[in-house]
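Chemist: Attaching a single structure in structure tokens format; questions to follow.
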Amino acid sequence: MKSYRKEMFLNIPARRGFLNITSQVEEALRESGIQEGLCLVNPMHITASVFINDDESGLHHDYDAWLEKMAPHEPVSQYRHNDTGEDNADAHIKRQIMGREVVVAVTEGRLDFGTWEQIFYGEFDGRRRKRVLVKIIGE
Amino acid sequence: MKSYRKEMFLNIPARRGFLNITSQVEEALRESGIQEGLCLVNPMHITASVFINDDESGLHHDYDAWLEKMAPHEPVSQYRHNDTGEDNADAHIKRQIMGREVVVAVTEGRLDFGTWEQIFYGEFDGRRRKRVLVKIIGE
Amino acid sequence: MKSYRKEMFLNIPARRGFLNITSQVEEALRESGIQEGLCLVNPMHITASVFINDDESGLHHDYDAWLEKMAPHEPVSQYRHNDTGEDNADAHIKRQIMGREVVVAVTEGRLDFGTWEQIFYGEFDGRRRKRVLVKIIGE
């Protein structure tokens, strides 16, 4: 069994944003030399998500508006977590809705995806450098 | 290390619906001959979910009604994604709530489940053929 | 390839609660002797979640209050699942929001975590003994 690990670095300039990281994950997979296996991709932070969906800017707008309706950022005083001096309780909630990680099948050296599947980093408390972990195991 | 890949085909006749796919996944596991490992199951589409919960029709009704309250299909004009000519923005949102994939432990050649765990395909934009991927790695 | 399986037992004395299980998962990882691989952690029940977030009691209060707003326990008659004699339909919904399982990278014999990542068991229908499964594969 082979394994490969890579950290990717990101910096979303706004509080919230979505970034297509598929090509970086594909690059890590090529570097790994793994042909058959599983590929885990997760943020190393707890106010961000890695998820798979469509690369369509209208949809990303819809996600952002809907998440903000589900768990509004303001007023920050509505969340007890923010009594600690943070203002990101909503980001911890948004990340749970969107999920932490994805696990993707690796087949014949490629991410085994349907036509429209793309991997995104979803940031809910940005404006600083964050890390995404790629871990691939297989043969 | 062994790996096994199988595509399953589904066609939910309504826009939304839930289908128990546990026995098909168990069949793929038997075909793989893998005794110890991990089994990934995911839709190859971005408006559907694979999730694990209870095979109880009342609960599935509750899921459907609750998801429709969280992210209503109508009016379709409320979602910017639908400006592209689609009418399925709500389905992309419902899929994120329910999750994309499941990873199941394989132990002694079986899905390592608690008493009530069953695998479901959740469709949120049906009425056409869809694919589910099963990828198993182990020994 | 090596694999390791362990069941952990939990009993949350209230209907709902969150418990940090990181150290128990780390103990299972040490017992496995696995240095590089993937670690799956999931409840063997369908009204509970395993998730990764912050060990901060204010945030856990926020999660609980927010989940109760999204899918209230009362009135139990609002859910068709509860017509079966159960009163836990809300718990099945809360578990879907928070997710079932986590998959964690194992690197150099450790859970490959960012600074604040901790593993929690989230109970939504407690007051009885429950099981959490840890399955680790790798080398």
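Residue numbers (the working numbering), protein chains in the order written: chain A, 1 to 139; chain B, 1 to 139; chain C, 1 to 139. C-beta atoms are modelled at their ideal positions from N, C-alpha and C, and glycine is treated no differently.
(1) Given that E56 (chain A) touches chain B, what residues does it touch there, using C-beta distances under 8 Å?
(2) Taking the alpha carbon of E7 (chain A) as the reference point, which residue from C:E27, C:H45 and C:T107 has its own alpha carbon closest?
(3) Do you know how far the Cα of E31 (chain B) is from the Cα of R15 (chain B)?
(4) With distances taken from CA atoms, which of B:I52, B:R80 and B:I93 is nearest K69 (chain B)?
(5) Would you list, in chain order, the members of the stretch 111-136 of chain B that have their beta-carbon closer than 9 Å to a beta-carbon of chain C?
(6) Near A89 (chain B), what residues of its chain come up, given a Cβ to Cβ distance below 7 Å and the 5 sequence neighbours on each side ignored?
(7) Just mark A65 (chain A) as buried or exposed, buried being the case when its beta carbon has 16 or more other beta carbons within 10 Å.
(8) Find the residues of chain C that neighbour G99 (chain A), judging by a C-beta separation of less than 8 Å, and give them in chain order.
(9) Compile a chain-ordered list of the residues in the stretch 37-68 of chain A whose CB is closer than 7 Å to at least one CB of chain C.
(10) Measure the C-alpha to C-alpha separation of L29 (chain A) and I136 (chain A) and round it to an integer number of angstroms.
(11) Does G37 (chain C) come out as helix, strand or coil in the three-state DSSP assignment?
(12) Look up G138 (chain B) in the DSSP assignment and say whether it is helix, strand or coil.
(13) Less than 8 Å separating the beta-carbons of V25 (chain B) and Y121 (chain B)?
(14) What are the boundary residues of the beta strand (DSSP E) that includes T47 (chain C)?
(15) Kindly say whether A89 (chain B), judged by its beta-carbon, lies nearer than 8 Å to any beta-carbon of chain A.
(16) Leaving out the 5 sequence neighbours to the left and right, which residues in its chain are closer than 6 Å to L67 (chain B) when beta-carbon positions are compared?
Modeler: Walking through what the data contain:
(1) Simply H81 and T84.
(2) Nearest to E7 (chain A) by C-alpha distance, out of C:E27, C:H45 and C:T107, is C:T107.
(3) Each residue's Cα considered, the two are about 32 Å apart.
(4) Checked all of B:I52, B:R80 and B:I93; the closest Cα to K69 (chain B) is B:I93.
(5) Correct list: D112, F113, G114, T115, W116, E117 and Q118.
(6) Hits under 7 Å: Y79, H81 and N82.
(7) Residue environment for A65 (chain A): exposed (fewer than 16 other C-beta atoms within 10 angstroms of its C-beta).
(8) Residues of chain C whose Cβ lies closer than 8 Å to the Cβ of G99 (chain A) are, in chain order, G99.
(9) Listed in sequence order: L38, L40, M44, H45 and I46.
(10) Cα-Cα distance, rounded: 7 Å.
(11) When DSSP states are grouped into helix, strand and coil, G37 (chain C) belongs to the strand group.
(12) Correct three-state label for G138 (chain B): strand.
(13) No, the pair does not count as a contact, with Cβ atoms beyond the cut-off.
(14) Counting along the chain, T47 (chain C) falls outside any beta strand (DSSP E), and DSSP gives it neither H nor E.
(15) Taking Cβ atoms only, chain A reaches closer than 8 Å to A89 (chain B), which makes this a yes.
(16) Taken in chain order, the residues that qualify are K94.
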